[in-house]
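*Asks:* For the record, in the sequence shown the residue sitting at position 244 is 344 according to this note's numbering, with numbers rising by one throughout.
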Amino acid sequence: MKFIHLLFCILIGSGFLWAEQGTETVTLQLKWKHQFQFAGYYAAQQLGYYQAEGFDVKFREIPSGKSVFDEVINGNATFGIADASIVLQRLNGRPVVILTTVFQHSPLVFLTRSEDDILSPYELRGKRVMFQRNDNDASLIAMLTTLGITEDQYTWVPSSYNSRALLDEDIDAMSGYRTNEPFIYDKLDQPVRLLDPINYGIDFYGDLLFAHQAYVEQFPQRAKAFAEASLKGWQYTVENPQQVVDWILEYYGSEKTLDELSFEVQATLPMIAADFVPLGTFLPERFNRIASVYKSVGFADEGATLEGLQLENYLKSNNTYNKNWLEFMLMVAAVFLVILLSLWMINRRLAFEVKQRTQALEISNQQLEYLSETDHLTGIANRFKIDSILSEEWHRLERYKAPLSIIIFDLDHFKDVNDKYGHLEGDKVLQNVAALTMRNVRNVDSVGRWGGEEFIVICPSTDAEGAMQVAEKLLEAFREKPILGDIRVTASFGISSSAPTTGDLTDLIKQADAALYRAKQSGRNQIQLAT
């Protein structure tokens, strides 16, 4: 009884010590102006999550011409929000540490005018392209580099930060966010197309919360508490987006209208991907892949490392350092309490934690594989996964001498759907097309999004006649009934088939593309077989 009384006194005394320490005033540096992109942080403030952890948070829009990294490193802000370019900052030796992530995908894309019929990055050759040729637009640069599009094949125009640049300036393409610019051009009656790096195997994280390394080294548990409070705010936001939109308009002076913020909600939630992975999930393997992209485009030295990038490194290395008197007394009390509860409970708890960590690791690995191989919009294989399947099937062809066929099809006049119904309905059409395709191919076939409104079906051990039967079934499925509401679409198909001793994989793809082009030139809504 005396020990219990002593423990009670220690805990009460600890509470008084914490009250004496007061609330920490911190500044969160936004990467842009107040908008739904930062909704979870506003929610954490409005719902008292920050206050519960002892933070008085001030939000700060980014000053014109300033870098969010410089603002945090120079001490003008305690925490900051940045995209995957933080990986490059760390590779180049800057003291920044990721606390958590919110956006599983980057919303950064190229925008082009629909009437220009620029359907893929390849068609940017010879065009005037506006973007920031630095780490901020690294995912766009990586997409161009990966596809073999060199700087001398297009004219680079420095970014003017004008969201209306496609109308106001002499350019053919511009960088922008799929969460913002499409709404602006819809209101201007200017249909646009989006060239998304995700469709070409370049999948970067979007917004990440970070801090200066010195702060994390001194206060690792405080940094963790701020990240956890922020994620609680984002969880509420995902479940109650309209409530947070109301707060943004009422308390944060956003320049956006209700319609603009509502569009941003619909475009942002898929980037967060909370239905697929828990909020705050970020995987070292994915950061290593992003670092490899930066190195491949010459932004960082090959020998640069990401050591010290993640908060977890400091939680592990600091758990026996930087302890104040309160933490020491609580630790002593905890040790006595554990002794009283007996050692067998410790063993039981350890066994349970080992099981949990093993399951969490398995889930994380599955999530990483899913994110890296799945098209985030349609849920089918992305370009990265399709390239892998094609390579495997070609090796199988060479070894076992069995034929291989591919079907590439493109939706006819798809820009008319976007022009008439808007991009959100256009996205739903692409999702339904993917689902319809999956229902009408064979179990052995692989279906993927080849890019934009273009899809591919890989038919292993199948000759041209067998692939034709698959394509005819799909053609009739499109013709049979509307794909969404009263929206009807048709498709043009190109088929190529390779015997075991002819051509290579590149030839096979080129022949299918050429057949698809003939189908479109011949009136669309038909199938052409490669010659």
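In this text, a Cβ means the ideal position worked out from N, Cα and C, and glycines have one as well.
It should be emphasised that the depicted structure is a prediction, and the values quoted were computed from it without experimental measurement.
Classify Glu554: buried if its beta carbon has 16 or more other beta carbons within 10 angstroms, exposed otherwise.
*Replies:* Under this definition Glu554 is a buried residue.
*Asks:* Using the Cβ count rule (16 or more neighbours within 10 Å means buried), how would you classify Pro163?
*Replies:* It counts as exposed.
*Asks:* Would you mind sorting Gln253 into buried or exposed? The rule is 16 or more other CB atoms within 10 Å of its CB.
*Replies:* Classification of Gln253: exposed, given that the 10 Å Cβ count is below 16.
*Asks:* Indicate whether Thr127 and Thr178 have their beta-carbon atoms separated by less than 8 Å.
*Replies:* Contact flag set, yes.
*Asks:* What are the start and end residues of each continuous alpha helix (DSSP H) run of 4 or more residues lying completely inside the stretch 348 to 426, in chain order?
*Replies:* DSSP runs (the alpha helix (DSSP H)) wholly in the stretch 348 to 426: 358 to 372, 384 to 396 and 411 to 417.
*Asks:* Name the one or two DSSP bridge partners that Ile595 has.
*Replies:* Its beta-bridge partners are Ile507 and Leu629.
*Asks:* Going by other Cβ atoms of all chains shown within 10 Å of its Cβ, with 16 needed for buried, is Lys501 buried or exposed?
*Replies:* So Lys501 counts as exposed.
*Asks:* Counting C-beta neighbours from all protein chains within 10 Å, is the total for Ser592 16 or more, i.e. buried, or is it exposed?
*Replies:* Buried is the call here.
*Asks:* Could you have a look at Gly301 and say whether DSSP puts it in helix, strand or coil?
*Replies:* Of the three classes helix, strand and coil, the one that applies to Gly301 here is coil, per DSSP.
*Asks:* Using a Cβ-Cβ cutoff of less than 6 Å, which residues in the same chain neighbour Trp494 once the five nearest sequence positions on both sides are dropped?
*Replies:* These residues qualify, in order along the chain: Leu605.
*Asks:* DSSP three-state call for Arg293: helix, strand or coil?
*Replies:* It is a strand residue.
*Asks:* Exposed or buried, which one is Val292 when buried takes at least 16 other CB atoms within 10 Å?
*Replies:* It counts as buried.
*Asks:* Determine, using beta carbons only, whether Ile506 and Val544 come nearer to each other than 8 Å.
*Replies:* Contact flag unset, no.
*Asks:* Could you spell out where the beta strand (DSSP E) holding Arg662 opens and where it closes?
*Replies:* Limits of the chain in this structure are 101 at one end and 631 at the other, which puts residue 662 out of reach.
*Asks:* Between the beta-carbon of Ile372 and the beta-carbon of Phe159, is there less than 8 Å?
*Replies:* No; because the gap between Cβ atoms is not below 8 Å, this pair is not in contact.
*Asks:* Establish whether the CB of Trp550 and some CB of chain D are separated by less than 8 Å.
*Replies:* Protein chains in the displayed structure number just one, and chain D is not present.
*Asks:* What does the alpha-carbon distance come out to for the pair Gly175 and Phe363?
*Replies:* So the two alpha carbons sit approximately 34 Å from each other.
*Asks:* Express the C-alpha separation of His134 and Ala311 in angstroms, rounding to a whole number.
*Replies:* Answer to the nearest angstrom: the Cα atoms are 20 Å apart.
*Asks:* Tell me which same chain residues have a C-beta within less than 7 Å of the C-beta of Ser259, skipping the five on either side of it?
*Replies:* These residues qualify, in order along the chain: Met230, Phe231, Gln232 and Ser275.
*Asks:* Hey, is Glu553 close to the ligand ZN, as in C-beta under 7 Å from one of its heavy atoms?
*Replies:* For the ligand ZN, the structure offers nothing, since it holds no ligand at all.
*Asks:* Pull up the DSSP beta-bridge partners for Glu124, would you.
*Replies:* DSSP output for Glu124 lists Phe155 as bridge partner(s).
*Asks:* Can you check which of these residues, Met538, Ala481, Arg190 and Gly333, is closest to Ala391 by C-alpha distance?
*Replies:* Closest option to Ala391, Cα to Cα, is Arg190.
*Asks:* Go ahead and pull the three-state DSSP assignment for Tyr277.
*Replies:* Correct three-state label for Tyr277: strand.
*Asks:* Since I believe Val338 is in contact with Leu288 (beta carbons under 8 Å), could you give me their beta-carbon distance rounded to a whole number of angstroms?
*Replies:* With a Cβ gap of about 30 Å, Leu288 and Val338 do not count as contacting.
*Asks:* Terminal residues of the continuous beta strand (DSSP E) containing Phe210?
*Replies:* Segment Leu208 to Arg213, the beta strand (DSSP E) holding Phe210.
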